[in-house]
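Peer 1: For reference, the structure I am asking about is given below.
Protein chains: 2
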Amino acid sequence: MKLDAIIAPVQEELKSFETHFRRSLRSDVGLVDAVVRYMVKRKGKRIRPALVLLSAAACGGIHETTYRGAALVELLHTATLIHDDVVDDAGTRRGWPSINAIWKNKVSVLLGDYVLARGLLLSLENEDIAFLHSTSIAVKRMSEGELLQIQKSRQMNTDEKTYFRIIGDKTASLLATCCEIGARSATEDTETIERLRAYGEALGIAFQIRDDILDFLGTEATIGKPVGGDLKEKKLTLPLIHAFQNAPSSERKRVLRALKSGVRRKDIKEIVAFVQKYSGIIYAEKVANEYRDRAIETLRDLPDSEARHSLTVLADFVVARKK
Amino acid sequence: MKLDAIIAPVQEELKSFETHFRRSLRSDVGLVDAVVRYMVKRKGKRIRPALVLLSAAACGGIHETTYRGAALVELLHTATLIHDDVVDDAGTRRGWPSINAIWKNKVSVLLGDYVLARGLLLSLENEDIAFLHSTSIAVKRMSEGELLQIQKSRQMNTDEKTYFRIIGDKTASLLATCCEIGARSATEDTETIERLRAYGEALGIAFQIRDDILDFLGTEATIGKPVGGDLKEKKLTLPLIHAFQNAPSSERKRVLRALKSGVRRKDIKEIVAFVQKYSGIIYAEKVANEYRDRAIETLRDLPDSEARHSLTVLADFVVARKK
Chain F
334 MKLDAIIAPV QEELKSFETH FRRSLRSDVG LVDAVVRYMV KRKGKRIRPA
384 LVLLSAAACG GIHETTYRGA ALVELLHTAT LIHDDVVDDA GTRRGWPSIN
434 AIWKNKVSVL LGDYVLARGL LLSLENEDIA FLHSTSIAVK RMSEGELLQI
484 QKSRQMNTDE KTYFRIIGDK TASLLATCCE IGARSATEDT ETIERLRAYG
534 EALGIAFQIR DDILDFLGTE ATIGKPVGGD LKEKKLTLPL IHAFQNAPSS
584 ERKRVLRALK SGVRRKDIKE IVAFVQKYSG IIYAEKVANE YRDRAIETLR
634 DLPDSEARHS LTVLADFVVA RKK
Chain X
334 MKLDAIIAPV QEELKSFETH FRRSLRSDVG LVDAVVRYMV KRKGKRIRPA
384 LVLLSAAACG GIHETTYRGA ALVELLHTAT LIHDDVVDDA GTRRGWPSIN
434 AIWKNKVSVL LGDYVLARGL LLSLENEDIA FLHSTSIAVK RMSEGELLQI
484 QKSRQMNTDE KTYFRIIGDK TASLLATCCE IGARSATEDT ETIERLRAYG
534 EALGIAFQIR DDILDFLGTE ATIGKPVGGD LKEKKLTLPL IHAFQNAPSS
584 ERKRVLRALK SGVRRKDIKE IVAFVQKYSG IIYAEKVANE YRDRAIETLR
634 DLPDSEARHS LTVLADFVVA RKK
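What follows is the structure in C-alpha cells.
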C-alpha cells in the first residue's frame, strides 16, 4: 500500500486543512505574504496534519479544533524547516529553491520566527492550551534529542539505551504529539488520548529504526541519499550498536578507528559487511517490528473505521518501506 | 543618572532572577548544560528582566510569578540572540566568542529552539497563559516589523506612518510586553496593566528614535558602531524621512540616488548635512521627547515608589543618552 492510499480517508479534510493553514499565516506585510504564498505553493506531503486528522477520525471524528491542532503542528514543522535550511545553507527544498536561496538568511530566520509566533497565537487565542503544551514538549525533546546525538557522535559511545532516548526525542516526540492532538480534538477520554500518543511514539521509533537500517542497506538510487550518511556523521545507530555488542573486541576497535578518522567509500562497504556479519540488520529489523506490533496493539480497542485501518497499515508501511 | 543606578531598586531581585533563569534551562544532556553554563556566565545586562521587575515593584510588589515572567522574556530574548548570531555569522557576542563560533551553527540553532521550548513550558506548566500570549504577540510583531523594514529598504519609500509601525513592532513590542507582564504579576487591575503596557510601548519608541538619531550624530568612538550604518543598509529613519518632506525635490532626488547606489563615507557626511539643513534631527528629538513625556504621563497615577521613580528616570535616560 502506498502512502497516498493510507491517507485517502482524510483526503478531503486535508484540503480544508490547507485553508486553515493559509489563513493562520495571513499578514498585511507584503514581503511576509509573498514568502508565505511561495511556501504554500511548494508544500510538502502534509504527513503530520494527516496524522492529526486520521487520529481524530479514528477517535470519533474531525472537528474545527482538529484543524487548528493540525495547523499548529504544521506551522511548527514549517518554522523548523525554514531555520534548518539556513543552518544547512540549503539551496533547494522539495526541488524548489529554498527561501534562504531567494530571500537570504535574514528574511528566512525572521519568517521562521513569524510562523512560530502565528502557531503560538493560533493555539493561545483559541485556548488550545493542551495542544500547545504537547507541542512545546515535542520541541524541547526534538532539540534535546538532536543535541544528545551530536554529543554522542563526538564521544562515539552511544549504547542501546541512549539510542532509544535519541530517536524517541528527535523523531517520535512530534509524531506522538500529532496523534495525541488528533485524539484530544475528538474525545475527552484520557485513556484513548494516551493510547493514541503511545501509538505515535511507537510509530516514530519504528520509523526511525527503519531509516537507520536503510542507511546501511539502501542503494543511493532507491533511498535518494548516499548510503552510509550516518557513518560519515559518526552517528552510531541500532544496527551498528548491536554489531559492536556481538563482535570480538579486535574487530570492534578496527571499525571504531575507521569511524573516528572519518570513513571513506571503501570503509563504508566494510562496515556494512561487519554489521551484517554480527546480525545488526536482522536485530534492528526485529526491534522495528516489535515497535510496529506495539503501535498496532494500542489501537486494539478503538471502534473499527477506515481511519483506524489506515493507522494500522501505516505502522506496517514504515517498517516495510524500501526508501 | 546611569543605567546601573536606575535598576538599583531591583538589584537584589535580579540575583534571584538568575537562579530562576538557570533552573528553567537545566537539562540532563551534557552538551546542553555545557552551552547553557557558558551562556549564563557571559550574561548581558538583563535589561528586560529588570523592566519586568521594576514594573511589578511599581504596581504593588514582586512575586514568584514576576520571576517566571522575567525568565520567559529573557529566555525568548536569548533564543533570538542565539539565532541572530547564526544568521549574522557573528564571531563574538558581548566580547566573548559566540555560541556558533564555539559549537557551530547546528548546535546553536538547536539550542535556540531548546531555550524557546523551555520558555513556553515554563509558562504553560505554571498556567501563565496571559504572559505567553503577550510574549507571542511580541514575537509576531518583532519579526513582522523587521520584515517590513527589509521590504521598505528595498522599495526605498518609508513614510512617517510606516516608520512608526516598524519601530513599534520591532523595538517597542517586547518592552511593552515586559512592562505588561511585570504589572500583571503584581495586580489584577486591568487599567494599571494597560498603562504599564503603554509605558513600555512609548519607552521603546522613544528609545528607537534616539537610536536612529545617534546613527546620524554619534561618532564611532562614542556610539561604538560606525555612523551611517542605517544609510548603508538603506534604512530610512525619522530624521531623514522628515528632511525629505522639507527639502526641495531636486535635493531629495540627489540623496535618494546616492542611497540607491550604495553610500560611501563621503556620501554619509553629505547626507548628515542634508538632514541637519532640513531640521531632521531637531524634529526627531522633539518627537522622541513627546514619547518620553507620554511614557512618564502613563505612570502618573501609580503610588510613589523607588521603582516608579526609576521608570520615570529611565524614560529620560533613553532620549538623553549619547550612545
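For the record, the sequence lines run as chains F and X. For the first sequence, the working numbering assigns the number 334 to the initial residue and increments by one for each residue that follows. For the second sequence, the working numbering assigns the number 334 to the initial residue and increments by one for each residue that follows. Glycine included, each C-beta is placed from N, C-alpha and C at the ideal position.
Report the residue from F:Val440, F:Ala505, F:Ser476, F:Val448 whose alpha carbon sits nearest the alpha carbon of glutamate 479 (chain X).
Peer 2: Selected option, being the one with the closest Cα: F:Val440.
Peer 1: So, is the C-beta of histidine 353 (chain F) closer than 7 Å to a C-beta in chain X?
Peer 2: no
Peer 1: State the Cα-Cα distance for the pair glycine 561 (chain F) and lysine 602 (chain F), rounded to the nearest angstrom.
Peer 2: The alpha-carbon separation between glycine 561 (chain F) and lysine 602 (chain F) amounts to approximately 9 Å.
Peer 1: Just how far apart, CA to CA, sit leucine 453 (chain F) and leucine 457 (chain X)?
Peer 2: 11 Å
Peer 1: Can you give the Cα-Cα distance for phenylalanine 464 (chain X) and isoleucine 514 (chain X), rounded to whole angstroms?
Peer 2: In a straight line, the C-alpha of phenylalanine 464 (chain X) is about 6 Å away from that of isoleucine 514 (chain X).
Peer 1: Just to confirm, are alanine 412 (chain F) and phenylalanine 350 (chain F) a CB contact at a threshold of 7 Å?
Peer 2: Pairing alanine 412 (chain F) with phenylalanine 350 (chain F) gives a Cβ-Cβ distance that is not under 7 Å.
Peer 1: Using a Cβ cut-off of 7 Å, pull out every chain F residue sitting near arginine 356 (chain X), in sequence order please.
Peer 2: Going along chain F, no residue has its Cβ under 7 Å from arginine 356 (chain X), so there is no contact; the nearest lies around 15 Å.
Peer 1: Does any residue of chain X have a CB that is nearer than 7 Å to the CB of aspartate 496 (chain F)?
Peer 2: The sequence as given places tyrosine at residue 496 (chain F); aspartate does not occur at that position. Answer no: the Cβ-Cβ gap between tyrosine 496 (chain F) and chain X never drops below 7 Å.
Peer 1: Excluding the 5 residues preceding and the 5 following arginine 375 (chain X) in the sequence, name in chain order all residues of the same chain whose CB lies nearer than 7 Å to its CB.
Peer 2: Listed in chain order, the non-local C-beta contacts of arginine 375 (chain X) below 7 Å within the same chain comprise Arg427, Trp429, local neighbours out to five positions each way being set aside.
Peer 1: Under 8 Å Cβ to Cβ from glutamate 566 (chain X), same chain only, skipping five residues before and after it: list those, please.
Peer 2: Ser486
Peer 1: Mind reading off the beta-carbon distance from valine 365 (chain X) to glutamate 477 (chain F)? Whole number of angstroms is fine, and I expect it under 8 Å.
Peer 2: 6 Å
Peer 1: Does the stretch 411-425 of chain X come close enough to the stretch 434-451 of chain F that 3 or more CB-CB pairs lie under 8 Å?
Peer 2: yes
Peer 1: Please look up how many angstroms separate the CB atoms of valine 406 (chain F) and cysteine 511 (chain F), rounded, as I've assumed it's under 8 Å.
Peer 2: Between valine 406 (chain F) and cysteine 511 (chain F), the beta carbon gap of about 5 Å places them in contact (Cβ cut-off 8 Å).
Peer 1: Are any of the Cβ atoms in chain X nearer than 7 Å to that of alanine 450 (chain F)?
Peer 2: yes
Peer 1: Does DSSP put proline 342 (chain F) in a helix, in a strand, or in coil?
Peer 2: helix
Peer 1: At what residue ranges does the stretch 445-493 of chain X contain a whole run of the alpha helix (DSSP H), taking only runs of 4 or more?
Peer 2: 462-488
Peer 1: Would you mind stating whether arginine 474 (chain F) and aspartate 502 (chain F) have Cβ atoms separated by less than 7 Å?
Peer 2: yes
Peer 1: Under a three-way DSSP split, which group does proline 382 (chain F) fall into?
Peer 2: Correct three-state label for proline 382 (chain F): helix.
Peer 1: Could you tell me if methionine 372 (chain X) is buried or exposed, where buried requires 16 or more neighbouring beta carbons within 10 angstroms of its beta carbon?
Peer 2: buried
Peer 1: Would histidine 396 (chain F) count as contacting chain X if we go by Cβ distances under 7 Å?
Peer 2: False, the Cβ-Cβ gap to chain X never drops below 7 Å.
Peer 1: Indicate the three-state DSSP secondary structure (helix, strand or coil) for arginine 359 (chain X) in the structure shown.
Peer 2: DSSP, read as helix, strand or coil, puts arginine 359 (chain X) in coil.
Peer 1: Take every Cβ of the stretch 606-621 of chain X, pair it with every Cβ of the stretch 630-637 of chain X, and state whether three or more of those distances are shorter than 8 Å.
Peer 2: no
Peer 1: Please report whether the beta-carbon of aspartate 366 (chain X) lies at a distance below 7 Å from any beta-carbon of chain F.
Peer 2: no
Peer 1: Quick check: the Cα distance between lysine 437 (chain X) and glutamate 639 (chain F), rounded to an integer number of angstroms?
Peer 2: 46 Å
Peer 1: Express the C-alpha separation of aspartate 649 (chain X) and phenylalanine 630 (chain X) in angstroms, rounding to a whole number.
Peer 2: Residue identity check: residue 630 (chain X) is glutamate in the sequence provided, not phenylalanine. Whole-angstrom Cα-Cα distance: 12 Å.
Peer 1: Along the chain, which unbroken stretches of the beta strand (DSSP E) at least 3 residues long are found entirely within the stretch 543-629 of chain F?
Peer 2: none
Peer 1: Is it true that the CB of isoleucine 542 (chain F) sits closer than 7 Å to the CB of leucine 571 (chain F)?
Peer 2: yes
Peer 1: Which one or two residues does DSSP pair with proline 636 (chain F) in a beta bridge?
Peer 2: DSSP output for proline 636 (chain F) lists no bridge partner at all.
Peer 1: Nearest by alpha-carbon distance to lysine 568 (chain F): which of F:Ile415, F:Ser469, F:Met489, F:Ala389 is it?
Peer 2: F:Met489
Peer 1: Return no unless some Cβ of chain X is closer than 7 Å to the Cβ of asparagine 459 (chain F).
Peer 2: no
Peer 1: Would alanine 576 (chain F) and phenylalanine 607 (chain F) qualify as a contact pair, given that the criterion is a beta-carbon distance under 7 Å?
Peer 2: Taking 7 Å as the Cβ cut-off, alanine 576 (chain F) and phenylalanine 607 (chain F) qualify as a contacting pair.
Peer 1: Does any residue of chain F have a CB that is nearer than 7 Å to the CB of lysine 473 (chain X)?
Peer 2: yes
Peer 1: Is the Cβ-Cβ distance between alanine 653 (chain F) and alanine 535 (chain F) less than 7 Å?
Peer 2: no
Peer 1: What does DSSP give as the partner residues of tryptophan 429 (chain X) in its beta bridges?
Peer 2: Bridge partners of tryptophan 429 (chain X): X:Arg426.
Peer 1: Compare the C-beta of lysine 568 (chain X) with all C-beta atoms of chain B and state if any pair is closer than 7 Å.
Peer 2: No chain B is part of this structure, whose protein chains are labelled F and X.
Peer 1: When you compare each of X:Gly537, X:Ser643, X:Asp446, X:Ser583 to alanine 621 (chain X) by their alpha carbons, which one comes out closest?
Peer 2: Looking at the Cα atoms, X:Gly537 is the closest of the given residues.
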